[in-house]
Structure formats: structure tokens, C-alpha cells
């Protein structure tokens with residue numbers, strides 16, 4: 004299970020790309036002004052450096068339309084208190100709940116050689132001190 008999102012096309016801002024990806028993947032219209040940036044997450048895969056990526060996470064609480072399945076995703080809605088972390092990438096357990104609880108943060112996630120489990124997660128609440136978690 005993953006969230007909506009994708010790559011930033013040439014000439015786009017991350018916010019513009021987020022609105023476009025929501026429309027392409029879930030057939031919902033969200034105004035860029037209704038997207039709130041909550042986090043920047045850097046994913047590092049030492050065993051597969053080509054998988055490394057930097058992601059800007061936005062929260063949108065206002066949209067138009069009804070979610071529909073696309074070629075890329077079958078949208079599911081879950082309450083923030085009952086997220087199916089066991090169906091998500093391992094990193095989500097480190098940062099997602101915090102972002103949904105209105106925390107703004109920067110995260111650096113390093114995966115183990117299996118490219119599935121987290122070796123290290125450095126989480127820095129914006130304007131606060133860093134937290135280091137190592138497995």
C-alpha cells in the first residue's frame with residue numbers, strides 16, 4: 004500500500020506535481036492552494052542507489068470528485084488511527100503517523116540491503132532537534 008504521488012515533471016513544482024498526480028491516480032481535483040507541505044523524506048537504498056529519491060509530502064483535506072481506481076492505484080480510505088502499517092513500506096511506521104498528526108518534519112530513511120526494511124531513520128521536526136533511530 005502506497006500513497007498517491009509520483010515524479011515532478013520538468014517545469015513543475017512539487018506542489019503542482021502533487022495536484023496532478025492526485026488527478027491522474029485517483030481522479031480527484033485538489034487545488035494547489037489546498038495542499039499543505041508536511042514533510043520532506045529522503046529515501047536511501049545503499050544496495051540499489053538508483054532507487055534513491057527525495058519526496059515532498061503534502062496533506063490535502065479538501066478536494067472535488069469521488070476517488071476512482073486507476074491503472075496505478077486502487078484508492079482506499081482509512082482513519083488516521085487505523086492505518087494498515089503491515090501493508091505499507093517499512094518506513095511508513097517511522098514518519099507517517101507523525102505527519103498525519105500535524106507534525107512538520109524532515110526524514111532521512113536508509114534501507115537495509117534487502118531494500119525492504121529500514122536500517123536507520125533520522126527524523127528532524129522542523130525547527131526542533133533531531134531524533135536518530137537505528138535498527
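Numbering (the working numbering), first residue to last: 4 to 138. In this text, a Cβ means the ideal position worked out from N, Cα and C, and glycines have one as well.
Legend entry - 6 angstroms CB neighbourhood of residue 23 in its chain, flanking five on each side removed: none
Legend entry - Stretch pair the stretch 40-56 + the stretch 89-100: three plus CB contacts closer than 8 angstroms: yes
Legend entry - Stretch-stretch touch, CB-based, cutoff 8 angstroms, three pairs: the stretch 10-21 with the stretch 70-86: no
Legend entry - Extent of the continuous beta strand (DSSP E) to which residue 63 belongs: 56-63
Inset, instruction - Indicate whether at least one CB of chain D lies closer than 8 angstroms to the CB of residue 32. - result: Protein chain content of the structure displayed is limited to a single chain, and chain D is not contained in it.
Legend entry - Beta-bridge partners of residue 46, as assigned by DSSP: 56 and 112
Inset, instruction - Would you mind stating whether residue 50 and residue 116 have Cβ atoms separated by less than 8 angstroms? - result: yes
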